[in-house]
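J.:
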Amino acid sequence: MRKILMVCTGNTCRSAMAAALFKKYAAERQIEVMVDSAGLHAFGSEPASPQAQTVMQEHGIDLSGHRSKQVDFDLLDQYDLILTMTQDHKRYILNLRPDLANKVFLIKEFAYQERQETNPLNEKMNKADSDVSDPFGQSVAVYHRTATELLQAIEAILDAWQ
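Under this note's numbering, think of the first position of the sequence shown as 27, with each following residue one higher.
#1: Starting from A32, trace the beta strand (DSSP E) in both directions and tell me its first and last residue.
#2: Determine the direct distance from the alpha carbon of Q79 to that of W118, and round the result to whole angstroms.
#3: State the Cα-Cα distance for the pair S75 and T38, rounded to the nearest angstrom.
#4: Considering only C-alpha positions, which residue in the set A45, G36 and V61 is nearest to P27?
#5: Using the C-alpha atoms, what's the distance from K49 back to A154?
#6: Relative to the alpha-carbon of A186, which residue among S165, S63 and F136 has its alpha-carbon at the smallest distance?
#7: Of all the options Q104, G91, I87 and F99, which has the alpha carbon lying nearest to the alpha carbon of I30?
#8: DSSP state of A98, grouped into three classes?
#9: Between S156, D157 and T172, which has its C-alpha nearest G163's C-alpha?
#10: The alpha helix (DSSP H) with F48 in it runs from where to where?
#11: Taking its Cβ as the centre, do 16 or more other Cβ atoms sit within 10 Å of A53, making it buried, or is it exposed?
#12: Measure the C-alpha to C-alpha separation of L147 and G70 and round it to an integer number of angstroms.
#13: DSSP three-state call for T80: helix, strand or coil?
#14: Which of helix, strand or coil does DSSP assign to T172?
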C-alpha cells in the first residue's frame, strides 16, 4: 500500500482537500492507499476552512473532523510519496531534507509524469502550470476551481495506477 502525504502551507485548504479527494476516488477505484495531509506553516490544530468544507461536501466528503498539523522530519519519513501544492513547498522540503528528492513532487508534476508513462501523447496535464492555486480567504467559487485542479491531477495519477 502506498503512503502519500499532501503538503501545502497551512493545511486548512489545498492539502486537506487533496487528501480527502485522493482517499475518496482511490477507494472508488479499489486502489489501496494511505493518504494524509500537513502544512509547512500550520498553526496548532485548525479545522479545514469553511469554504473547503462546503466544496468537499459537494463531493460527498465530510471535512468537519479535519485538524491541521505541521510538517516535521519524523512525519516526512513515514511516507513513500510526498505531493506538494507549489514549487515553493517542494523547495522548502528539499532544502530541509535533500535525501527525499526521489519522493517529493508537486502534485501536478507527479500527475504529468504518471500520465506520460502510461499515455505519452496525452497533453491534458500542462507541466508548465504546476502550482495549485491557493484559495485561502477567497470565495467558494475559487475553492471550486482549486478542487477541480486537484481532481484533474488525482484522476491522472489514479488512471496511471490502475
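Heads up, the beta-carbon is just placed ideally off N, CA and C, and yes, glycines get one too.
Keep in mind the model is a prediction, meaning the values are calculated, not measured.
T.: Straight from the coordinates:
#1: What you label residue 32 is simply residue 6 of the sequence shown in a count that begins at 1. Looking at the sequence shown, residue 32 is not Ala but Met. R28 to C34 is the extent of the beta strand (DSSP E) around M32.
#2: Taking the first residue of the sequence shown as 1, we reach residue 118 at position 92. Taking the first residue of the sequence shown as 1, we reach residue 79 at position 53. Checking the sequence, you will find Tyr at residue 118 rather than Trp. Taking the straight line joining both Cα atoms gives about 27 Å.
#3: The sequence position of residue 75 within the sequence shown is 49, counting from 1. The sequence position of residue 38 within the sequence shown is 12, counting from 1. Their backbone Cα atoms lie some 6 Å apart in a straight line.
#4: Residue mapping note: residue 27 aligns to position 1 of the sequence shown, counting from 1. According to the sequence provided, residue 27 is Met. The question's Pro does not apply to it. Of the candidates A45, G36 and V61, the one whose C-alpha sits nearest the C-alpha of M27 is V61.
#5: Residue 154 sits at position 128 when you count from the first residue of the sequence shown. Residue 49 sits at position 23 when you count from the first residue of the sequence shown. Low per-residue confidence applies at A154: pLDDT is 45, beneath 50, and the placement is therefore not dependable, though the value from the model is reported in the following sentence. Their backbone Cα atoms lie some 26 Å apart in a straight line.
#6: The residue labelled residue 186 in the question sits at position 160 within the sequence shown. Here the closest residue by C-alpha is F136.
#7: Counting from 1 along the sequence shown, the entry for residue 30 is found at position 4. The shortest C-alpha separation from I30 is found at Q104.
#8: As a working mapping, residue 98 is identified with position 72 in the sequence shown. It is Asp, not Ala, that sits at residue 98 in the sequence shown. Assigned with DSSP and collapsed to three states, D98 falls in coil, not helix or strand.
#9: As a position in the sequence shown, residue 163 is number 137, starting the count at 1. If we check each option's Cα against that of G163, T172 comes out closest.
#10: The count along the sequence shown starts at 1 and reaches residue 48 at position 22. R40 to E54 is the span of the alpha helix (DSSP H), which, as asked, contains F48.
#11: One-based indexing of the sequence shown puts residue 53 at position 27. By the neighbour-count rule (16 or more Cβ atoms within 10 Å), A53 is not buried but exposed.
#12: Translated into the one-based positions of the sequence shown, residue 147 becomes position 121. Translated into the one-based positions of the sequence shown, residue 70 becomes position 44. Unreliable positioning characterises L147 in this predicted model, as indicated by a pLDDT of 48, which lies under 50. A coordinate reading is not provided.
#13: As a working mapping, residue 80 is identified with position 54 in the sequence shown. Helix, per DSSP.
#14: Along the sequence shown, read from residue 1 onward, the residue named residue 172 stands at position 146. Reduced to three states, the DSSP call for T172 is helix.
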